[in-house]
Amino acid sequence: MSTFPVVVKVDNFGGQLMSGMYVTYSFVASQSENCLMIPIQCVRYITDEAGNPATVVFVQAAQKPDNAVTLSAEAQVDLPEGYYAVPVVTGLSDTYSIEITEGLQEGDTVFTNYETQQSNSWG
275 MSTFPVVVKV DNFGGQLMSG MYVTYSFVAS QSENCLMIPI QCVRYITDEA GNPATVVFVQ
335 AAQKPDNAVT LSAEAQVDLP EGYYAVPVVT GLSDTYSIEI TEGLQEGDTV FTNYETQQSN
395 SWG
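Take 275 as the starting number for the sequence shown in my numbering and just add one per residue.
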């Protein structure tokens, strides 16, 4: 969900709206139904071995999928064993989640992020 400031013009035929009153409203700017959503931090924008930009998700698999992207040296990430970069097509997103329209199936296990301990910046 996103927040946007708006100006709304309302007819006040009955005179019930007074200065200083407020209204709570919402509207749908876009939506998808029956879609696959994952945490937005799972999606990576990388460069493949040939130097082409690619949008990928790291998917867990017993063996390297046929459509797995071969990563460039710069895009190599310290991933747990058994995760592979798979190209995806993204759709709608918000602050926390993103729609995947192609490249994943429901039930796929995706890599989100390593949990790190909070460090102390006193110095």
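Glycine included, C-beta positions come from ideal geometry on N, C-alpha and C. Quick caveat: nothing in here was measured; it's all calculated off a predicted structure.
Just the C-alpha distance for residue i and residue j, rounded to the nearest angstrom, thanks.
i: Met292; j: Tyr299; result: 17 Å
i: Tyr357; j: Gly365; result: 23 Å
i: Thr344; j: Thr329; result: 12 Å
i: Val297; j: Ala303; result: 19 Å
i: Tyr370; j: Cys309; result: 15 Å
i: Ile314; j: Val284; result: 37 Å
i: Gly294; j: Val281; result: 15 Å
i: Ile320; j: Pro327; result: 6 Å
Compare the C-alpha of residue i against each of the options and name the closest.
i: Ala324; options: Ser346, Gln337 and Pro313; result: Ser346
i: Thr383; options: Met311, Asn326, Pro327 and Glu307; result: Met311
i: Asn387; options: Thr277, Val317 and Asn286; result: Val317
i: Glu355; options: Asp368, Asn286 and Ala335; result: Ala335
i: Ser367; options: Ser306, Asp322 and Phe287; result: Ser306
Once you ignore the five residues that flank residue i on each side, which residues in its own chain have a CB closer than 6 Å to its CB?
i: Gln337; result: none
Note down, in chain order, each residue of its chain lying with its Cβ closer than 8 Å to the Cβ of residue i, except the 5 sequence neighbours on either side.
i: Val360; result: Val330, Val331, Phe332, Val333, Pro339, Asn341, Ala342, Val343, Gly377 and Leu378
i: Val363; result: Thr329, Ile374, Thr375, Glu376 and Gly377
With C-beta atoms as the reference, is residue i less than 8 Å away from residue j?
i: Phe385; j: Leu353; result: yes
Please give the ranges of any beta strand (DSSP E) in the stretch 308-386, keeping only runs that are unbroken, at least 3 residues long and fully inside the region. Segments of the beta strand (DSSP E) lying fully in the stretch 308-386: 310-313, 317-321, 327-334, 357-361, 363-367 and 371-376.
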